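Chemist: Pasting a structure below so you can have a look.
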Amino acid sequence: MRTPSFTFRARRMAAGLAWAGMLAAGTASAQQPYRGPLFDAHLHYNEEACDFRAACPYPVAEVLAMMQRAGVRAIIANSRTNEGSKVLAASGDATRAAGVTVVPFIRLYRNRADYSGWFADESIHTMVQQELAAGTVAGPYRGLGEFHLYESRNADGPVAAKLMKLAQARGLAVLAHVDDDAIDKLMAHAPQARLIWAHTGIGGAPVARVRELMKRYPLLIGELSYRPGLTEGNGRLSAEWRALFTEFPERFVVGSDTWVNGRWSQYEALMAEARQWLGDLPPATARRIGWDNAARLFGLRDPD
Ligand SMILES: [Zn+2]
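Letter by letter, the sequence shown follows residues 913 to 1216 of our numbering.
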């Protein structure tokens, strides 16, 4: 026969075990990676990945297979040269088979030298207009960029201002690798432009400053590759970013930024990392950031 004290201890132990089990279940469910579709909103298919006349370490079939394995169902394609994006856009059978929708952007760079002077180079403006008029096999270009401004004052360069106004007038999105001060300058040129902030400040603009910009510019979208402080050392989402995403669930997107071939070699791991921290968010918020926000920007249907 059990003594009262034994029964009490047993009950207390059972309660303790149940509580530990609940904690374990809670932790386990919070750690499940996001499993829905991904929209890679920052993808380059540059000539180092495939020069169609020479070396091609990452052929179209291979990059599409990587996207398919990573569950990426749409991409913003922006490539140096633009031929990389045009080839992806022209690979309709292959992209359909892989289940990937290509959203082509016009890159402003013909070569590396263009990175540092495009904002005041009229020939870049001319090239953009020619590309816009020509379009791609998959349809019209949907955006401009990625472009870089290493000094925010260059956001007031004549071609930078012109291209922002062009984007606003034509309903094109803009993918801009800039600092937080340049966001204010670019938006001053075209307050109704849909600006995607590449990396949401690769220099690590404080979250309070990102929040301020998100409040000030309702059309500003933050892309999250390379963003310092987004995750903790263990790959989990940091508390301050979780709070920001909870406040602005419709204003962020994910991207791979395959700017060098080393990023292609890590492509599936990069997308798995994104799935991991997205899994720290409520499922509806994860889905918005992983897919819905970018899909809505370009009017894409949900994948099957
Ligand atoms: Zn990039």
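In this text, a Cβ means the ideal position worked out from N, Cα and C, and glycines have one as well.
All values reported here derive from a predicted model rather than from experimental measurement.
#1: Rank V1014, L1156 and T993 by C-alpha distance to the C-alpha of L1000 and give the top, closest one.
#2: Within the present structure, is the beta-carbon of A1169 separated from the nearest heavy atom of ligand 1 by less than 7 Å?
#3: How big is the Cα-Cα spacing for D1068 and R1128?
#4: On the three-pair Cβ rule with 8 Å, is the region 1100-1107 touching the region 1122-1142?
#5: By DSSP's criteria, L1087 is part of a beta bridge. Which residues make up the other side?
#6: Extract the residue ranges of the beta strand (DSSP E) inside the region 972-1044, only unbroken runs of 3 or more that lie entirely within it.
#7: Nearest to Q1041 by alpha carbon, out of N990, L1020 and E1185?
#8: What are the partner residues of T1197, as DSSP defines its beta bridges?
#9: List the residues that DSSP assigns as beta-bridge partners of T1158.
#10: Around the Cβ of S1168, are there at least 16 other Cβ atoms within 10 angstroms (buried) or fewer (exposed)?
#11: Is the region 1055-1070 close to the region 1082-1092, with three or more CB pairs under 8 Å?
#12: What span of residues does the alpha helix (DSSP H) with D1093 cover, start to end?
#13: May I ask you to check if the CB of E1058 is nearer than 7 Å to at least one heavy atom of ligand 1?
#14: Nearest by alpha-carbon distance to L1136: which of R1121, A1120 and W1153 is it?
#15: Excluding five sequence neighbours on each side, which residues of the same chain lie with their C-beta closer than 8 Å to the C-beta of T1112?
#16: Select from L1044, L1156 and A1010 the residue whose C-alpha is nearest the C-alpha of E1124.
#17: Looking at C-alpha atoms only, which residue of A1206, A1006 and P969 is the closest neighbour of A1050?
#18: Mind reading off the beta-carbon distance from L1212 to A986? Whole number of angstroms is fine, and I expect it under 8 Å.
#19: Going by the DSSP bridge assignment, what does G1134 pair with across the sheet?
#20: Do E1185 and G1147 have their C-beta atoms closer together than 8 Å?
#21: Any heavy atom of ligand 1 closer than 7 Å to the beta-carbon of H1037?
#22: How many angstroms separate the CA atom of A936 from the CA atom of G1141?
#23: For the beta strand (DSSP E) containing L950, list its first residue and its last residue.
#24: Just checking my contact of F1017 with G1055 at CB under 8 Å: how many whole Å lie between their CB atoms?
#25: What span of residues does the alpha helix (DSSP H) with W1176 cover, start to end?
#26: Could you give the C-beta distance for A982 and L950, rounded to a whole number, given that I count them as a contact under 8 Å?
#27: Where DSSP assigns a beta bridge to T1143, which residues make up the other side?
#28: Could you tell me the alpha carbon to alpha carbon distance between E974 and V984, rounded to whole angstroms?
#29: Relative to the C-alpha of G1083, which residue among A1009, V1071, F1210 and D1214 is closest?
#30: Say the cut is 7 Å; is the CB of A1110 nearer than that to a heavy atom of ligand 1?
#31: Taking C-beta to C-beta, are S1064 and K1097 nearer than 8 Å?
Modeler: Quick look at the numbers:
#1: Translated into the one-based positions of the sequence shown, residue 1000 becomes position 88. Checking every option, the nearest Cα to that of L1000 belongs to V1014.
#2: Counted from its first residue, the sequence shown places residue 1169 at position 257. A small correction: the amino acid at residue 1169 is Asp; Ala does not occupy that position in the sequence shown. D1169: yes, Cβ under 7 Å from ligand 1.
#3: For the purposes of this step, residue 1068 is taken as residue 156 along the sequence shown, with counting starting at 1. For the purposes of this step, residue 1128 is taken as residue 216 along the sequence shown, with counting starting at 1. Approximately 19 Å between the Cα atoms of the pair.
#4: yes
#5: To locate residue 1087, count along the sequence shown from 1; it is residue 175. Answer is G1057 and I1108, bridged to L1087.
#6: 984-989 and 1013-1018
#7: Taking the first residue of the sequence shown as 1, we reach residue 1041 at position 129. Nearest option by C-alpha distance: L1020.
#8: For this step, residue 1197 is matched to residue 285 along the sequence shown. BP columns for T1197 are empty, so no partner.
#9: As a first step, residue 1158 must be located in the sequence shown, where it is residue number 246. According to DSSP, T1158 bridges with nothing at all.
#10: Counting from 1 along the sequence shown, the entry for residue 1168 is found at position 256. Buried, by the Cβ-count rule.
#11: yes
#12: Start at 1 with the first residue of the sequence shown, and residue 1093 comes out as number 181. D1092 to H1101 is the extent of the alpha helix (DSSP H) around D1093.
#13: The residue given as residue 1058 occupies position 146 in the sequence shown. Yes, since a heavy atom of ligand 1 falls inside the 7 Å radius drawn around the Cβ of E1058.
#14: For this step, residue 1136 is matched to residue 224 along the sequence shown. Taking only the C-alpha atoms, the option nearest L1136 is W1153.
#15: Along the sequence shown, read from residue 1 onward, the residue named residue 1112 stands at position 200. So the qualifying residues of the chain are V1122, G1134, E1135, L1136, R1139 and F1164.
#16: Counting from 1 along the sequence shown, the entry for residue 1124 is found at position 212. For the options L1044, L1156 and A1010, the alpha carbon positioned closest to that of E1124 is the one of L1156.
#17: What you label residue 1050 is simply residue 138 of the sequence shown in a count that begins at 1. Nearest of A1206, A1006 and P969 to A1050, Cα basis: A1006.
#18: Position 300 of the sequence shown holds residue 1212. Position 74 of the sequence shown holds residue 986. 6 Å between Cβ atoms; contact.
#19: Counted from its first residue, the sequence shown places residue 1134 at position 222. In the DSSP output, where bridge partners are listed per residue, G1134 has W1109 and F1164.
#20: Residue numbering aside, residue 1185 sits at position 273 when the sequence shown is read from its first letter. Residue numbering aside, residue 1147 sits at position 235 when the sequence shown is read from its first letter. Yes. Within cutoff.
#21: On the sequence shown, position 125 is the one that residue 1037 refers to. No.
#22: Reading the sequence shown from its first residue, position 24 is the one you call residue 936. Reading the sequence shown from its first residue, position 229 is the one you call residue 1141. Note that A936 scores 41 on pLDDT, short of 50, meaning its location in the model is unreliable; the coordinates nonetheless yield the value given after this. Answer to the nearest angstrom: the Cα atoms are 26 Å apart.
#23: Working through the sequence shown from its first residue, we reach residue 950 at position 38. Looking at the DSSP string, the run of the beta strand (DSSP E) that includes L950 is L950 to L955.
#24: Here residue 1017 is taken as the residue at index 105 of the sequence shown, counted from 1. Here residue 1055 is taken as the residue at index 143 of the sequence shown, counted from 1. With a Cβ gap of about 4 Å, F1017 and G1055 count as contacting.
#25: Taking the first residue of the sequence shown as position 1, residue 1176 is located at position 264. Taken as a continuous stretch (DSSP letters only), the alpha helix (DSSP H) holding W1176 covers N1173 to S1177.
#26: One-based indexing of the sequence shown puts residue 982 at position 70. One-based indexing of the sequence shown puts residue 950 at position 38. Yes, they are in contact, since the Cβ atoms of A982 and L950 sit about 7 Å apart, within 8 Å.
#27: The count along the sequence shown starts at 1 and reaches residue 1143 at position 231. Answer by DSSP bridge pairing, in chain order: L1149.
#28: Numbered from 1 along the sequence shown, position 62 holds the residue referred to as residue 974. Numbered from 1 along the sequence shown, position 72 holds the residue referred to as residue 984. So the two alpha carbons sit approximately 14 Å from each other.
#29: As a first step, residue 1083 must be located in the sequence shown, where it is residue number 171. Nearest option by C-alpha distance: F1210.
#30: Taking the first residue of the sequence shown as position 1, residue 1110 is located at position 198. Answer for A1110: yes, Cβ within range of ligand 1.
#31: Indexing the sequence shown from 1 puts residue 1064 at position 152. Indexing the sequence shown from 1 puts residue 1097 at position 185. Yes, Cβ-Cβ distance for S1064 and K1097 is below 8 Å.
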